[in-house]
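S.K.: Sequence lines, in order, name chains A and L. Each number in my numbering corresponds to the 1-based position in the first sequence with 1 added. Each number in my numbering corresponds to the 1-based position in the second sequence with 42 added.
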Amino acid sequence: MSTSEIQYGTLDLMVLKTLAGMGPLHGYGIARRIEQAAEGSLALNQGTIYPALLRLEQKGWIKSDWGTSENNRRARFYAITATGKRHLAAEADNWARTVAIVNRLLEVE
Amino acid sequence: VIVRTFFSRLLDIVLRRSREDRLSEEVQSHLDLLADDFIAKGMSPGEARLAARKAFGGVDQVKERYRDQRGLPFLDQLMQDLGFAGRLLRRDPLLVIAAALSLAIGIGASTTVFTIANTLLLRGPEGMKDGDALVDISGRDEDGGFGIEPISFPNFLDVRERATMLADVCAYDVMAQPMSLIGDGAQAGAERVFGNTVTPNYFGVLGVEPAVGRLFDPNEPSATVVISHRFWSQRFNRDPQVIGRPVKVNGQAYTVAGVAAETFHGTSLIATDVWLAVNLTPEPTSFLARRELRWGVARGRLKPGVSAAMAGAEVDAIGHALAREYPDQNRQFGLRLAAASVIPGNLAVPIAGVMSLIFGFVSLVLAVACANLAGLLLARAGTRRHEIALRLALGAGRRRLVRQLLTETLALFALGGALGVALARALTSAIVALMPALPVPVDMTFPLDARVLAFTAALSLVAAIVCGLVPALESAKADVISTLKNDGPAASRKNRLRHGFVVVQVAASIVLVVGAGLFTRALQKAALTEPGFDARNIELAELDLGLGGYTHLTGPSFATRITERVGAMPGVQMVTLAATLPTTGHMRLGVTLPGSAAPAGRASLNADWNAVAPGYFATLRIPLVEGRDFSSADLAGAQEVAIVSEAAARRFWPGERALGKFLQVSTFQVRRGSPQDVRTLLVVGVAGDVRPGNGGAPRALVYLPLQQQYVARLTVVARSASSARLAGAIRGAVTSLDPGVPILSSQTLEQSASLSRLPQRIAAIVSSSLGLVSLLLAMLGLYGVIAYAVAQRTREIGIRIALGAAPRAVIAMVLRVGIALVVLGSAIGAGVAAAAGSALPKVLAGFPPLEVPTFAVTIALFAATGLAACYVPARRAASVDPVATLRND
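1) State the DSSP-derived secondary structure class of Ala319 (chain L), mapped to helix, strand or coil.
2) Based on the DSSP output, what are the partners of Leu26 (chain A) in its beta bridges?
3) Quick one: what's got a C-beta closer than 8 Å to Gly669 (chain L)'s C-beta in the same chain, skipping five residues either side?
4) Can you find a C-beta in chain L that's less than 8 Å from the C-beta of Ala101 (chain A)?
5) Reducing DSSP to helix, strand and coil, say where Pro656 (chain L) ends up.
6) Here's the rule: buried if 16 or more other CB atoms are within 10 angstroms of the residue's CB, otherwise exposed. What is Asp66 (chain A)?
7) Buried or exposed: Asn243 (chain L), going by 16 or more other Cβ atoms within 10 Å of its Cβ?
8) What's the gap between the Cα of Gly770 (chain L) and the Cα of Ala655 (chain L)?
9) Between Val289 (chain L) and Trp274 (chain L), is the Cβ-Cβ spacing less than 8 Å?
10) So that I know if they touch, is there some Cβ in chain A lying closer than 8 Å to that of Glu68 (chain L)?
11) Just to confirm my understanding: we take Ala766 (chain L), look at its own chain, exclude 5 residues before and 5 after, and list those with CB closer than 8 Å. What are they?
12) Do Phe403 (chain L) and Gly559 (chain L) have their CB atoms nearer than 8 Å?
13) Does Leu55 (chain A) come within less than 8 Å of chain L when only Cβ atoms are used?
14) Thr19 (chain A) and Ile35 (chain A) - do their beta-carbons sit closer together than 8 Å?
15) Let me check one thing: in DSSP terms, what residues is Met629 (chain L) bridge-paired to?
16) Can you find a CB in chain A that lies within less than 8 Å of the CB of Arg91 (chain L)?
17) Just checking: is the beta-carbon of Phe98 (chain L) within a distance shorter than 8 Å of some beta-carbon in chain A?
18) Does any CB atom of chain A fall closer than 8 Å to the CB of Leu503 (chain L)?
19) Might you give, ordered along the chain, the residues of its own chain that have their beta carbon closer than 8 Å to the beta carbon of Ala532 (chain L), omitting 5 neighbours on each side?
20) Tell me, which residues are paired with Lys64 (chain A) by DSSP?
21) Please tell me whether Ser70 (chain A) has its Cβ less than 8 Å away from any Cβ of chain L.
22) Nearest chain A C-beta to Val45 (chain L) closer than 8 Å, yes or no?
23) Between the region 77-106 of chain A and chain L, which residues of the former have a C-beta closer than 8 Å to a C-beta of the latter?
24) With DSSP run on the structure shown, which of helix, strand or coil describes Gly338 (chain L)?
25) Any Cβ of chain L within less than 8 Å of the Cβ of Pro25 (chain A)?
26) Please tell me whether Thr11 (chain A) has its Cβ less than 8 Å away from any Cβ of chain C.
27) Between the C-alpha atoms of Lys105 (chain L) and Leu65 (chain L), what's the straight-line distance to the nearest angstrom?
28) Figure out for me which residue from L:Thr571, L:Glu606, L:Gly148 and L:Arg803 has the closest Cα to the Cα of Val407 (chain L).
29) By Cβ distance, which residues of its chain are closer than 8 Å to Glu89 (chain L), with the 5 residues on each side in sequence left out?
30) Gly28 (chain A) CB to nearest chain L CB: under 8 Å?
31) Helix or strand or just coil, what does DSSP make of Pro531 (chain L)?
32) Which residues in the same chain have their Cβ closer than 7 Å to the Cβ of Val254 (chain L), if we skip the five residues on either side of it in sequence?
33) Below 8 Å between beta carbons: does that hold for Val707 (chain L) and Leu619 (chain L)?
34) Anything in the region 243-254 of chain L with a Cβ closer than 9 Å to a Cβ of chain A? List those residues in chain order, please.
35) Please report the Cβ distance between Gln793 (chain L) and Ala678 (chain L), rounded to the nearest whole angstrom; I am assuming they are in contact, meaning their Cβ atoms lie under 8 Å.
36) Between Leu705 (chain L) and Leu723 (chain L), how many whole angstroms is the CB-CB distance? I'm expecting something under 8 Å.
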């Protein structure tokens with residue numbers, strides 16, 4: 002299976018899920034975690050998560066603050082907010098339904 | 043979420059700098075972390091950094107996308123546009139100065155006029171609690187006149203009792219009246235104050251609080267006065283001990299109850315010093331008890347939830363009921379209700395008329411300024427064609443470009459508007475500074491409140507869009523290819539537009555200059571008119587004998603003693619007394635002629651009247667054409683006599699001799715006298731006509747002897763033997779006779795005459811300066827258009843000269859364009875001015891009539907200045923060097 006481009010809108014969900022599961026993380030940590038989860042099947046330009054992080058922060062789903070990384074570098078840490086968690090739950094459901102529908106359609110073929 | 047996103051983005055714009063830093067730092071830390079991992083995997087630091095870059099992707103692309111996500115594109119672009127506009131305008135300081143100054147004049151003048159209108163007409167009453175709920179109730183003037191129509195005290199009491207929509211109603215004398223005030227202690231002697239007689243519930247209804255002491259008690263008939271904060275400060279030095287002190291007002295003893303709040307200036311334009319309370323149940327013998335005698339204006343407070351319209355309908359019904367119930371006393375009676383205002387009753391209508399006339403003038407100046415700026419912007423668009431075409435070629439959207447150009451115009455107008463507000467501030471304080479010249483103290487400030495600022499901002503915005511949009515749309519239409527190839531087509535449409543702006547400017551300026559000319563001519567004529575009397579070396583001193591306690595029984599003999607005493611003072615050549623003077627205007631009178639029918643539809647002939655002492659005609663040097671002057675023998679009880687002016691003689695007995703005829707008069711002093719008297723007077727003399735101060739036609743005038751027609755309010759008229767003032771001598775003489783009679787005002791007859799011409803002088807000054815400014819602006823605009831046209835046609839002119847055109851022919855060619863514009867603009871302007879000039883005198887009293895010479899002079903002025911404005915660029919055209927221009931291509 003070749004590496005695929007990340008689909009529009011799915012990055013937000015991935016970021017939220019990562020933050021919900023792992024607690025506060027810096028941008029690099031989030032990008033690394035997503036790459037790990039994709040097990041090499043996703044071509045992610047790590048930089049692209051920054052516009053996504055800004056978008057999520059503007060919507061109030063995540064918040065950020067400066068902190069120190071595990072190897073003592075100053076980095077900005079992101080954490081999911083309560084509204085972010087609610088949004089994630091709703092979107093995850095949505096996603097599961099969408100995937101199920103698409104899958105069923107593909108199976109029929 | 044949307045709102046939240048919006049604010050978050052808005053914040054981004056404000057914090058742009060720090061957000062940019064944050065992004066850089068974050069990206070750097072990401073790269074460092076990545077590199078750390080690669081190093082841990084065994085790479086060298088150099089390799090690790092490269093690998094990190096690769097894994098991260100394009101740093102700048104990410105940053106760019108990040109920036110797009112951040113902020114609001116609209117606001118962002120606006121900031122960009124503003125920054126760009128600022129840079130461009132800085133590069134073109136001449137344009138900025140010319141535009142900002144002309145706009146400042148236009149906007150400043152409009153703002154000044156609006157500020158005054160706002161204060162007089164729009165703003166609610168000051169210093170009163172919840173002023174929006176206050177309404178004025180006055181009589182309805184069935185004749186459609188513009189005067190204040192007061193209502194009588196009994197009618198007020200009935201309104202107060204019957205009105206269910208009003209929480210309470212108070213009443214007050216229409217205007218504060220001059221009164222004499224004698225304090226206790228050191229400062230003996232009467233002084234002139236302005237006092238307003240009000241009902242005891244006055245302060246309660248208006249919601250005014252005392253600054254010190256207390257105000258009137260509505261339930262208790264009081265012998266107290268309330269003084270204004272201003273008077274308290276000026277006269278009593280803010281001494282709190284003033285409460286409870288005795289004062290004598292008009293000879294009656296009162297005690298000072300309190301001082302009204304500082305913000306409260308009373309209910310009339312005249313600054314009130316003292317308020318006196320009348321009893322709500324007047325003595326039956328008092329004039330207040332008489333229903334037919336009009337007295338004051340009522341002001342009521344609406345009950346919560348009641349609209350002025352509802353209360354107005356109720357008051358209207360009460361008015362009809364009162365007219366039915368008292369048909370004799372309430373003849374032609376009606377009531378009107380209006381929002382409370384410093385301008386009482388119907389007077390707001392003529393004031394609004396005058397204000398809109400001035401506003402029209404000022405708007406024309408603003409229109410000229412805007413047209414001028416639009417012309418400038420169009421010219422500038424011409425020089426910027428290349429830049430704009432380049433930007434279009436590089437992919438700029440036309441809408442974006444138009445917005446950019448409009449932003450530049452808006453920036454100019456914002457600058458002009460700010461300067462205009464500053465100018466308006468200066469102008470209004472200049473007006474306030476001129477007010478002490480008025481004969482009565484006027485309490486007035488012209489604050490630049492939120493409404494004024496909103497007006498100015500809206501005006502600037504609308505004007506900016508109106509005059510910026512056309513040039514902006516025009517420039518954005520630039521044809522990219524041909525412009526960049528540097529052979530722009532003759533921008534004929536653009537030229538037509540610029541020509542249109544010049545025509546508008548010339549037309550508007552013509553209207554203004556013609557108006558200025560009319561006012562100036564009227565003023566000149568007024569000054570040149572032979573007034574019919576000799577105003578030089580005449581000293582006037584106004585007295586009110588009623589303030590000293592004199593009645594119609596004791597007053598006449600006291601008046602005679604004043605003339606004797608003043609006449610004996612050194613330097614006094616002649617002295618007399620008069621109720622009114624030609625410069626202040628006379629009172630009205632209905633005259634009937636025994637044995638002849640009154641004119642159709644009218645009860646009587648209208649005339650002016652004056653009561654004078656013997657020697658009036660000699661003192662003022664008014665010729666007695668026939669008969670004799672009044673003498674000391676014309677006393678009460680003797681045959682009642684009159685002297686008529688020549689105009690009156692012609693009017694009453696055309697073609698006949700007036701001497702020895704009889705006339706009947708009635709209704710003297712409507713307010714205090716008895717209206718039923720009809721008296722038959724023998725004409726013993728005919729005097730020369732006197733003209734009112736404004737140079738109008740002489741009016742029919744009937745003089746009555748003061749001893750037979752006593753008037754308490756008198757003016758001592760003294761002719762000085764030299765040019766020395768007599769004010770001190772008259773004051774000394776009056777005080778030595780009775781210190782309780784104050785001198786109400788003291789001035790020379792020449793001062794009084796110039797004061798009566800003040801409105802015309804102001805009109806002439808204002809319209810002349812506006813006319814001059816707009817003439818200058820229009821000529822600048824014309825110059826700009828012609829100069830620009832010449833610059834555009836340099837090549838064509840060069841070819842013409844190379845082909846042998848004479849310089850004279852070139853000059854003529856350029857001048858033709860300019861002259862055509864001036865002629866067209868003049869024709870339109872003269873047409874508008876003629877239409878307005880023939881319509882306005884009918885609507886507005888005092889507007890001077892149309893005059894052909896004024897038009898001729900104005901048009902000649904424009905022709906001359908227009909020619910001058912075109913000649914400079916025309917000469918430049920003629921001196922074009924054909925070789926240089928042709929080689930240039």
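Ideal Cβ placement from N, Cα and C applies to all residues, glycine included. Just so we're clear, the structure is a prediction, and the values are computed from it rather than from any experiment.
M.R.: In this structure, then:
1) Per DSSP, reduced to three states, the secondary structure at Ala319 (chain L) is strand.
2) Per DSSP, A:Tyr79.
3) Counting only Cβ-Cβ distances below 8 Å, and skipping sequence neighbours, we find Ile685, Leu701, Val725, Val726, Gly727 and Val728.
4) Not a single CB atom of chain L sits nearer than 8 Å to the CB of Ala101 (chain A).
5) Of the three classes helix, strand and coil, the one that applies to Pro656 (chain L) here is coil, per DSSP.
6) Taking all protein chains shown into account, Asp66 (chain A) has fewer than 16 neighbouring C-beta atoms within 10 Å of its C-beta and is therefore exposed.
7) Here Asn243 (chain L) is buried, its C-beta having at least 16 other C-beta atoms within 10 Å.
8) Near 22 Å, if we compare the C-alpha coordinates of Ala655 (chain L) and Gly770 (chain L).
9) No.
10) By the rule that beta-carbons nearer than 8 Å mark a contact, Glu68 (chain L) touches chain A.
11) Here the set comprises Gly613.
12) No, these two residues do not count as a Cβ contact at 8 Å.
13) Flagged as an interface residue toward chain L: Leu55 (chain A), by a C-beta distance shorter than 8 Å.
14) It is a contact, given that the beta carbons lie within the stated cut-off.
15) Looking at the DSSP assignment, Met629 (chain L) forms a beta bridge with L:Trp651.
16) In terms of beta-carbon proximity, Arg91 (chain L) stays away from the interface with chain A, with every pair separated by 8 Å or more.
17) It does: the Cβ of Phe98 (chain L) has a partner Cβ on chain A nearer than 8 Å.
18) By this cut-off, Leu503 (chain L) is not an interface position.
19) Annotation note: pLDDT 49 at Ala532 (chain L) (below 50); position unreliable, coordinate value reported separately. Gln834, listed in sequence order.
20) Answer is A:Ala80.
21) Yes, its Cβ sits closer than 8 Å to a Cβ of chain L.
22) For Val45 (chain L), the answer is no, since every Cβ of chain A falls outside 8 Å of its Cβ.
23) Residues are counted here when their Cβ sits less than 8 Å from a Cβ of chain L; for the region 77-106 of chain A these are Arg77, given in chain order.
24) Strand.
25) Judged by the 8 Å Cβ criterion, Pro25 (chain A) is not in contact with chain L.
26) Reference to chain C is not applicable here, since the protein chains of this structure are A and L.
27) Each residue's alpha carbon lies about 8 Å from the other.
28) Of L:Thr571, L:Glu606, L:Gly148 and L:Arg803, the residue nearest in Cα terms is L:Gly148.
29) Phe80, listed in sequence order.
30) Judged by the 8 Å Cβ criterion, Gly28 (chain A) is in contact with chain L.
31) Here Pro531 (chain L) scores only 49 on pLDDT, less than 50, and its place in the model is too uncertain to base an answer on.
32) Closer than 7 Å at the Cβ level, and outside the excluded window around Val254 (chain L), lie Pro282, Ile285, Gly300 and Val301.
33) No, they are not a contact pair.
34) Residues of the region 243-254 of chain L whose Cβ lies closer than 9 Å to any Cβ of chain A: none.
35) Between the beta-carbon of Gln793 (chain L) and that of Ala678 (chain L) there is about 34 Å, and that puts the pair past the 8 Å contact cut.
36) Leu723 (chain L) and Leu705 (chain L) do touch by the CB rule: their CB atoms are close to 5 Å apart, below 8 Å.
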